[in-house]
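These notes concern the structure reproduced below.
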Amino acid sequence: MVKVSRVVKDAGMPTEPYAVADLQADLRAFRDARDWGKFHDPKSLVLALVGEVGELAELFQWVPADEARAEFSSGQRQVRAGEEMADVFIYLLNLADVLDIDLLDAARQKLAAAAERFPESRHQGVAPHKS
């Protein structure tokens with residue numbers, strides 16, 4: 001288990017690594033200190049999340065698929081992609097918090113279901129199809 005964060009009061013930044021639950025607690029404290037809870041209804045959070053995903057997608061919009069990994073693996077493009085991914089992650093965590101969903105548990109359950117649905121023996125090197 002990752003250590004619980006210790007927040008530096010002046011900067012508001014953790015001084016140690018922390019777990020998802022700790023980050024959610026810090027996000028909740030950040031929200032509550034600004035009285036933003038009234039804006040954090042599920043619909044508003046989903047719309048904000050979609051907006052941030054759009055900003056992330058915009059970075060990749062005209063980059064050829066075969067060049068994207070190299071283009072975003074270092075430098076300013078990597079920094080920008082990381083910033084947008086952080087925004088997506090933060091809104092997703094806020095939404096999960098409001099809906100009382102344990103994202104790690106939900107992801108584990110989805111992975112287990114995918115392993116059953118797409119066994120290695122039948123899906124090695126084959127793109128999955130929705131059905």
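Numbering follows the UniProt record's numbering, with no gaps: position 110 of the sequence shown is 110. Yeah, the Cβ is synthetic: ideal placement off N, Cα and C, and Gly gets one too. Quick caveat, the model's predicted, so the values are computed rather than measured.
In the structure shown, Arg34 falls within a coil segment according to DSSP collapsed to helix, strand and coil. The DSSP-derived three-state label of Pro42 is helix.
Annotated as proximal: Phe72 and Ala81, with beta-carbon spacing under 8 Å. Shown here, Glu16 sits in coil according to DSSP, grouped into three states, outside any helix or strand. Around the beta carbon of Glu58, a 10 Å sphere encloses fewer than 16 other beta carbons of the protein chains shown; the residue is thus reported as exposed. In this structure, Asp87 lies near Glu52, with their beta-carbon atoms less than 8 Å apart.
DSSP, read as helix, strand or coil, puts Ser74 in coil. Within a 10 Å sphere around the beta-carbon of Glu84 sit 16 or more other beta-carbons, which makes this residue buried.
Burial state of Leu45 is buried, judged by a 10 Å Cβ sphere holding 16 or more other Cβ atoms. Just measuring C-alpha positions, the residue of Ala112, Val63, Phe30 sitting nearest Leu93 is Phe30.
Here Gln124 carries a coil assignment [DSSP, helix/strand/coil].
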